[in-house]
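Undergrad: Here it is, the structure, as structure tokens.
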Amino acid sequence: MNESGKMETHHTENDTKDMESNMKQEGTASMFANAAAATDKEHKMTLWQGCKLYPKAILWSVLISSCCAMEGYDISLVGNFYAFDPFNRKYGVQGADGTYQVPARWQTGLSNGAQCGQILGLIVNGLATERFGYRIVILGCLFWLTGVTALFFCAPNIKVLLAGEILAGIPWGVFQSIAISYAAEVCPVALRGYLTTYGNFCWGWGQLVGIGVIKAQFGRTDQWAYRIPYGLMWMFYPPLIIGIYFAPESPWWLVRRGRLEAAKKSLLRLTSPKSDPSFNAEETVDMIRHTTELEQDITSGASYLDCFRGVDLRRTEIVCMLWATQNLAGNTFSNYSTYFFEQAGLTGQIPYDFAMGQYAINMVGTFGAWFLMSKFGRRTIFISGLCGLFVTLLVIGFVGLVPESHKHAASLATGALMLVWAVFYQCSVGTLAFSLVAEMSTRRLQIKTVALGRAAYNVAAIISNVLTPYMINPTAWNWGNKAGFFWAGSCAIVLVYAYFRVPEPSGRTFAEMDILFERKVSARKFKSTKVNAFDVALHHQVAEDKPEGEISHVERA
């Protein structure tokens, strides 16, 4: 080839590279423009507009969150069976006074069995969901539970019952993290706080159904008095399996897997575009792409170890503490309400009436939290709720100092205070933790971060479950109401932590949260700090950060 031919070939190669580079820049600029447009629409979207545009996302999220009701149902059974005579006669031991009770060590074992199983399930979920997707993992867990329920129903002794709790805990752990992650990824900012907290409502109705089933068995003294409540667990599986089989996959998960067309189709299945002519599925997919690539720049990996590296360490710490706060604020104490009431002097069906009232508050409290979220920030509600819980627990402790001659009046006061505690808890910590943990982590690490946070919840629950039976059991430490002092102290500790470490995520897109954490903004300044998700460099395609006031909506190379 002559010199002229070589030069032509060289020019052709350069022209091709320049063309590819220009196309890449144009593609990136187009993605930024679409992502910025979708972000702007999300910021302007009202709650009602979100409901009209995403009605199918709401229904699918509600369906998947309903899986959480199964754990609430079991917790209700276990905690209330300890005051149920047929159950105690089968699995307990006879005391000196002739009555039967499950020993404190076995109460601890049964309560912690599910928690240990959940920790394993959470670890598995962090790996399996990112690989196989939400639907496949949930369906596998439901089929697993269908078999494990037979252990509960047929348990000949308390050891088999414990084995059932451990094995059932594995899918329950998956549900607790997967339902929150799915809800956070299928809905816009306007709906995120409401759908992520719906999981707490499901806990409440699971507990309410459980206590209602036990009350329905009053008058029975045979084995079916406790076998029927366990057998009714099978009622959850058929409708959930059928519904989740047809559920759309998370568009965020599909984008992370590089399946952009599938993500668009999933998004269209989650929305009703006819209700909003301005909605553009491609823009929303590009917003998801932009956030995903932004997070790839900030964090290079997506393993469990990456949750503890760089800026993600702070986010993981906050998620873990938010979950643990639920137990450290006295949640486990309240789960033993029926048993506690009975030991405090309330007899017959009265303890169960109090428990039903408490579980009803668990459900209504979620709606109370929704109302508060429309008026105040989530950080404000969370901290205020902890203040209310601290005072209530302190008062419960002081009621324990009432003389024995006024025991009946003290018992009634305890019941009323437990209900007050439930109102504060469900309108704040119990409900908002579900939303906050979904918003604190990056999208790429969310499943794993939420799983780690829920594992922290389980560790705190195990510790609480070890201590609580001994605190209130008359054959052990016999603290009674005085246990309120202990939980008031732990509540005070997490209150101080929340004030200094928990930021305000309300109204922020996931990309904006990423930038605020990357810039190490103080938790108390999250709400007031102005940030634009499109003023940062992404793969060197965007100009460097500009001072506040000079930030354009979209910066192009």
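In our numbering, the protein residues as written are 18 to 574. A virtual CB, placed ideally from N, CA and C, is assigned to each residue, including glycine. Please read all numbers here as calculations on a predicted model, not as lab measurements.
Is the beta carbon of Val328 sitting closer than 8 angstroms to the one on Phe534?
TA: Yes, the pair counts as a contact, with Cβ atoms nearer than the cut-off.
Undergrad: In the DSSP assignment, what are the bridge partners of Ile111?
TA: The residue you asked about is not Ile; residue 111 is Gln in the sequence shown. DSSP output for Gln111 lists Tyr117 as bridge partner(s).
Undergrad: Using a 10 Å radius around the Cβ and a threshold of 16 neighbouring Cβ atoms, would you call Asp114 buried or exposed?
TA: It is exposed - the Cβ of Asp114 has fewer than 16 other Cβ atoms within 10 Å.
Undergrad: Look at the Cβ atom of Ile400, then the Cβ atom of Tyr474, and state whether they are nearer than 8 angstroms.
TA: Going by C-beta atoms, Ile400 is not nearer than 8 angstroms to Tyr474.
Undergrad: Could you compute how far the alpha carbon of Gly236 sits from the alpha carbon of Ala100?
TA: Gly236 and Ala100: Cα-Cα distance of roughly 14 angstroms.
Undergrad: Since I believe Thr333 is in contact with Thr546 (beta carbons under 8 angstroms), could you give me their beta-carbon distance rounded to a whole number of angstroms?
TA: Wrong, their Cβ atoms sit about 21 angstroms apart, outside the cutoff.
Undergrad: For Leu156, which residues in the same chain have their Cβ closer than 7 angstroms to its Cβ, ignoring the five residues on either side in sequence?
TA: If we look at Leu156 and ignore the five residues flanking it on each side, its Cβ neighbours are Ile258, Ile261, Tyr262.
Undergrad: For Leu449 and Pro246, which I take to be in contact (beta-carbon distance under 8 angstroms), what is that distance rounded to the nearest angstrom?
TA: Actually they do not touch by this definition, with Cβ atoms about 31 angstroms apart.
Undergrad: Would the region 306–319 count as touching the region 505–524 if we require 3 or more Cβ pairs under 8 angstroms?
TA: At 8 angstroms Cβ cutoff, the stretches do not touch.
Undergrad: Please report the Cβ distance between Asn344 and Ala477, rounded to the nearest whole angstrom; I am assuming they are in contact, meaning their Cβ atoms lie under 8 angstroms.
TA: Contact flag correct, Cβ pair sits at about 4 angstroms.
Undergrad: So the candidates are Asp239, Tyr211, Lys499; which of them puts its Cα closest to the Cα of Ser82?
TA: Of Asp239, Tyr211, Lys499, the residue nearest in Cα terms is Tyr211.
Undergrad: For Ser445, which three-state DSSP category applies?
TA: If DSSP states are grouped into helix, strand and coil, Ser445 belongs with coil.
Undergrad: In angstroms, rounded to a whole number, what distance separates the CA positions of Leu330 and Gln313?
TA: For Leu330 and Gln313, the distance between alpha carbons rounds to 16 angstroms.
Undergrad: By how many angstroms is the C-alpha of Ala46 removed from the C-alpha of Gln132?
TA: The alpha-carbon atoms of Gln132 and Ala46 are separated by roughly 48 angstroms.
Undergrad: How many whole angstroms separate the CB atoms of Ile532 and Ala550, which I take to be in contact at a CB cut-off of 8 angstroms?
TA: Confirmed, about 6 angstroms.
Undergrad: For Met530, tell me which candidate among Glu456, Leu225, Gly221 has the shortest Cα-Cα distance.
TA: Out of Glu456, Leu225, Gly221, Glu456 has the C-alpha closest to the C-alpha of Met530.
Undergrad: For His556 and Leu311, what's the separation of their Cα atoms in angstroms?
TA: Note that His556 scores a pLDDT of 48, beneath 50, so its modelled location is shaky; the value from the coordinates is reported in the next line. So the alpha carbons of these two residues sit roughly 8 angstroms apart.
Undergrad: Please work out which residues of its chain come closer than 7 angstroms, Cβ to Cβ, to Phe170, disregarding the five sequence neighbours upstream and downstream, and give them in chain order.
TA: Once the five neighbours on either side are set aside, the close Cβ partners of Phe170 are Arg244, Tyr247, Gly248.
Undergrad: Tell me, please, whether the region 487–499 touches the region 413–426 by the rule of three or more beta-carbon pairs shorter than 8 angstroms.
TA: Touching, yes.
Undergrad: Select from Trp220, Phe104, Val408, Leu76 the residue whose C-alpha is nearest the C-alpha of Asp239.
TA: For the residues Trp220, Phe104, Val408, Leu76, the minimum Cα distance to Asp239 belongs to Phe104.
Undergrad: Using C-beta distances below 6 angstroms, list every residue in its chain close to Ala528, excluding the 5 sequence neighbours before and after it, in chain order.
TA: If we look at Ala528 and ignore the five residues flanking it on each side, its Cβ neighbours are Thr308, Leu311, Ala550.
Undergrad: Met338 to Gly470, Cα distance in whole Å?
TA: Each residue's Cα considered, the two are about 7 angstroms apart.
Undergrad: Apart from the five residues just before and just after Gly374, which ones in its own chain have a Cβ nearer than 7 angstroms to its Cβ?
TA: So the qualifying residues of the chain are Leu436.
Undergrad: Taking the straight line between their C-alpha atoms, what separation do you get for Thr577 and Ile197?
TA: The shown model of the chain, from 18 to 574, leaves out residue 577, and the question about it has no answer.
Undergrad: Could you compute how far the alpha carbon of Ser351 sits from the alpha carbon of Leu127?
TA: Cα to Cα, the separation comes out at about 17 angstroms.
Undergrad: For the region 143–152 against the region 167–185, are there 3 or more C-beta pairs whose distance is under 8 angstroms?
TA: Too few Cβ pairs lie closer than 8 angstroms, so no.
Undergrad: Within a Cβ cutoff of 6 angstroms, which residues of the same chain sit near Pro564, ignoring the five residues on either side of it in sequence?
TA: Confidence in Pro564 is poor, its pLDDT being 37 and thus under 50, which makes the residue's placement unreliable; the coordinate value appears in the next sentence. Correct list: empty, nothing qualifies.
Undergrad: Thinking C-beta only, is Leu70 closer than 8 angstroms to Gly289?
TA: According to the sequence provided, residue 289 is Ser. The question's Gly does not apply to it. Against a cut-off of 8 angstroms, the Cβ pair of Leu70 and Ser289 comes out as a contact.
Undergrad: Take the Cβ of Arg122 as the centre, count every other Cβ of all protein chains shown within 10 Å, and call the residue buried at 16 or more, exposed below.
TA: Classification for Arg122: exposed.
Undergrad: Measure the CB-CB distance between Gly223 and Gly89 and report whether it falls below 8 angstroms.
TA: The answer is yes: Cβ separation under 8 angstroms.
Undergrad: Output the distance between the C-alpha atoms of Met87 and Ile195, rounded to the nearest integer angstrom.
TA: Near 14 angstroms, if we compare the C-alpha coordinates of Ile195 and Met87.
Undergrad: When the Cα atoms are used, what is the spatial distance from Lys537 to Ile315?
TA: Using only the alpha carbons, I get a separation of about 13 angstroms.
Undergrad: Evaluate contact between the region 478–487 and the region 318–327, counting only Cβ atoms and requiring at least three cross-stretch pairs below 8 angstroms.
TA: Not touching, per the Cβ criterion.
Undergrad: Have a look at Leu225, Trp387, Asp91 and flag the residue whose alpha-carbon is nearest the alpha-carbon of Gly186.
TA: Comparing Cα positions, the closest option is Asp91.
Undergrad: Excluding the five sequence neighbours on either side, which residues of its own chain have a C-beta within less than 7 angstroms of the C-beta of Leu389, listed in chain order?
TA: Answer for Leu389: Ile398, Cys444, listed in chain order.
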